[in-house]
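Written out below as structure tokens is the structure these notes cover.
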Amino acid sequence: MHCSRKYTPEPKKQGYPESMRKRAVEMYVDGGNLRRIARHLKVAPQTVAYWVTDLAEALPNVPMPSEVKEAEMDELFTFIGDKKTESTF
Numbered sequence: 122m123h124c125s126r127k128y129t130p131e132p133k134k135q136g137y138p139e140s141m142r143k144r145a146v147e148m149y150v151d152g153g154n155l156r157r158i159a160r161h162l163k164v165a166p167q168t169v170a171y172w173v174t175d176l177a178e179a180l181p182n183v184p185m186p187s188e189v190k191e192a193e194m195d196e197l198f199t200f201i202g203d204k205k206t207e208s209t210f
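In this text, residue positions in the sequence shown follow our numbering: the first is 122, and each later residue adds one.
Written out as structure tokens, the structure is:
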């Protein structure tokens, strides 16, 4: 009598290779968006998002400085109240 189960002495690893995961995260850090990376690697965009999130959660927490000695500001000025054109909405 057989139980209809199959025994695999050396099962194959499920999932994507670590090199593909690393490449996806590198592409994301370099400025690629999730959909484009997914299309390039032929995986689902949510898969790339999981890989990025998993790696981010594995990073150690960065300690916050107790005191900020110097800060830089961008030279972008916004004049919300001085708009010359009226809103079309």
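Where a beta carbon is used, it is the ideal one built from N, C-alpha and C, also for glycine. The structure displayed is predicted, hence computed values, not measured ones.
Taking the Cβ atoms as the reference, Val173 lies roughly 14 Å from Tyr137, outside the contact range of under 8 Å. Restricting attention to alpha helix (DSSP H) runs no shorter than 4 residues, the stretch 137–175 encloses them at 139–150, 155–162, ordered along the chain.
Residue burial annotation: Val169 is buried, with at least 16 other C-beta atoms found within 10 angstroms of its C-beta. Annotated as distal: Ile158 and Tyr171, with beta-carbon spacing of 8 Å or more.
Listed in chain order, the non-local C-beta contacts of Met141 below 7 Å within the same chain comprise Leu162, local neighbours out to five positions each way being set aside.
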